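Number of protein chains: 2
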Amino acid sequence: MRMGEGVEWGLHCCLTLAWIDADRPVPTARLATWFDLPPAYLHKRLQALVRAGVLSSTPGPRGGFRLGRRPEQITLMDVVTALEGPDDVFRCTEIRRRGEGGGALPREFARPCGVATAVRRAELAWRRELADQTVADLMASAPPGAAERARRHYARMTG
Amino acid sequence: MRMGEGVEWGLHCCLTLAWIDADRPVPTARLATWFDLPPAYLHKRLQALVRAGVLSSTPGPRGGFRLGRRPEQITLMDVVTALEGPDDVFRCTEIRRRGEGGGALPREFARPCGVATAVRRAELAWRRELADQTVADLMASAPPGAAERARRHYARMTG
DNA sequence: GGTTTCGTACTCGGATAAGAGCTGTCCGAGTCGGAGAGG
DNA sequence: CCTCTCCGACTCGGACAGCTCTTATCCGAGTACGAAACC
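Going line by line, the protein sequences match chains A and P.
No gaps in the numbering here: position 89 of the first sequence is 89 in full-length UniProt numbering, and each next residue is one more.
No gaps in the numbering here: position 91 of the second sequence is 91 in full-length UniProt numbering, and each next residue is one more.
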């Protein structure tokens, strides 16, 4: 059980896009060079963020990606859900009612499985923490001057 | 990103072992029949729980598995860690310092990456919820009479 | 009848193959910018 | 000199392979029981 690498990429890209706050969209190639990532695959992951509304894309020359909404309205949960899918981490297959164990007790199965409930409680705590943190919070917790350095660095790339 | 199926199996098996509280160890075949699971693979997953000390095993005839310690001392975190591995869900690859972006700022990298910190906060909340729940809690939250039914069902299987 | 010995069957344990999902790559559709010709 | 047209290049978007990890399976090592032979 491991989180996909694209989540780290997506969060760093969102943070960078928020910091530089460029007038023009930022193409994939720039971000891939910035972080030394495989351009094609990064592109694929950014597309998933566009489908979720986290980013917006512009085709053609001078095109690229920009934030789909303001940084304080992009939660980490949004990014994780967009990149890892909306499915629950824990999937209850109702094994309690399979096999010999569950033949004759239909009334009890009206309530959800206790094991699933317990694990989902942890998963909800995880999702809640992710939903409480926004890209704006990431910007605020960064060392001072980080945004300025990002802008300068990006200006050096474009020029 | 999905949790392995073995976690559900392991938790249900621990709960069942705690309920029936048999004098003899319970072999894999019984548990596999109980939940209608592939016996060989269930066996492999139970071995992982033995390596973690959650279960203890007895070889030979009349052998099998039993709980390695009391139910109130087996947390859901123990089971998940045993079956999914001890690695963090989110792995920070330090992409901030890779590529063009991180060449000239060595002082800043002394502090951990803000993105990683934010995601790890959520992961810690998840682990904490898992660690706060024990197998004994699962037993307590089950409908009354569940333990008795499990014992009767197991007696019918053995006899 | 009691005891010893042997064989058998059962269980765990780890090493060995298929399948799914993540990672990585490619090419096509669409679009903007600029060069060049014409007025 | 200004405007219109056309060409070219750049970017996103989705479809196509390689690889790691999960799932699934098998066979070997060890052990307790039970039967049989022996005392």
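From the three backbone atoms N, C-alpha and C, an ideal C-beta is built for every residue, glycine too.
Note that the structure is a prediction, hence the values are computed from the model and not measured.
Would you identify the three-state DSSP class for residue i, choosing helix, strand or coil?
i: residue 166 of chain A; result: Residue 166 of chain A is absent from the model: chain A starts at 1 and stops at 159.
i: P/GLY10; result: helix
Leaving out five residues before and five after residue i in sequence, what residues of the same chain have Cβ atoms less than 7 Å from its Cβ?
i: P/THR75; result: LEU130, ALA131, GLN133 and THR134
i: A/GLU8; result: none
i: A/ALA18; result: LEU67, PRO71, VAL135 and MET139
i: P/VAL48; result: The displayed chain sequence assigns Ala, not Val, to residue 48 of chain P. The answer, listed in chain order, is ALA82 and LEU83.
i: P/GLY6; result: ARG45 and LEU83
i: P/THR58; result: PRO25 and GLY64
i: P/GLY4; result: LEU83 and GLU84
i: A/ARG30; result: MET157
i: A/LEU37; result: TRP9
i: P/HIS12; result: PHE35
i: P/GLY60; result: none
Could you compute how far the alpha carbon of residue i sits from the alpha carbon of residue j?
i: A/CYS14; j: P/ARG127; result: 27 Å
i: P/PHE90; j: A/GLU94; result: 28 Å
i: A/THR158; j: A/ALA146; result: 18 Å
i: A/VAL115; j: P/GLU108; result: 44 Å
i: A/THR28; j: A/GLY64; result: 7 Å
i: P/MET139; j: A/CYS92; result: 18 Å
i: P/PHE35; j: A/ALA122; result: 24 Å
i: A/ALA155; j: A/ARG24; result: 12 Å
i: P/LEU46; j: P/GLY53; result: 11 Å
i: A/PRO144; j: P/ALA110; result: 15 Å
i: residue 220 of chain P; j: A/GLY85; result: Here chain P comprises residues numbered 1 to 159, so residue 220 of chain P is not present and cannot be evaluated.
i: A/GLY62; j: A/LEU55; result: Residue 62 of chain A is actually Arg in this sequence, not Gly. Roughly 16 Å between the two C-alpha positions.
i: A/ASP78; j: P/MET77; result: 26 Å
i: P/HIS153; j: P/GLY10; result: 19 Å
i: A/MET1; j: A/LEU124; result: 17 Å
i: P/GLN73; j: A/GLU148; result: 51 Å
i: A/ARG69; j: A/CYS113; result: 39 Å
i: P/THR117; j: A/ALA142; result: 11 Å
i: A/ASP88; j: P/VAL80; result: 16 Å
i: A/THR16; j: A/ASP137; result: 13 Å
Ignore the nearest five residues each way along the sequence and tell me which others in residue i's own chain have a CB closer than 6 Å to its CB.
i: P/ALA32; result: PRO39 and LEU42
i: A/ARG97; result: PHE109
Please work out which residues of its chain come closer than 8 Å, Cβ to Cβ, to residue i, disregarding the five sequence neighbours upstream and downstream, and give them in chain order.
i: P/ARG51; result: ALA82
i: P/ARG151; result: TRP19, ILE20 and ASP21
Complete alpha helix (DSSP H) runs within the stretch 50-87 of chain P (minimum length 4 residues, chain order): 76-84
Beta carbons nearer than 7 Å to chain A: which residues of the stretch 62-84 of chain P have them? LEU76 and GLU84
Entirely within the stretch 99-151 of chain P and at least 4 residues each: give me those alpha helix (DSSP H) ranges in chain order. 114-132 and 135-141
Give me the subset of the stretch 29-42 of chain P whose CB atoms are less than 9 Å from a CB atom of chain A, sorted by chain position. ALA32, THR33, TRP34, PHE35, ASP36 and LEU37
Using a Cβ-Cβ cut-off of less than 9 Å, list which residues of the stretch 4-24 of chain A approach chain P; keep chain order. GLY4, GLU5, VAL7, GLU8, TRP9, LEU11, HIS12, LEU15 and THR16
Residues in the stretch 139-151 of chain P having any Cβ partner in chain A nearer than 7 Å: SER141, ALA142 and PRO143
According to a CB-to-CB cut-off of less than 9 Å, which residues of the stretch 113-129 of chain P neighbour chain A? CYS113, GLY114, VAL115, ALA116, THR117, ALA118, VAL119, ARG121, ALA122, GLU123, LEU124, ALA125, TRP126, ARG127, ARG128 and GLU129
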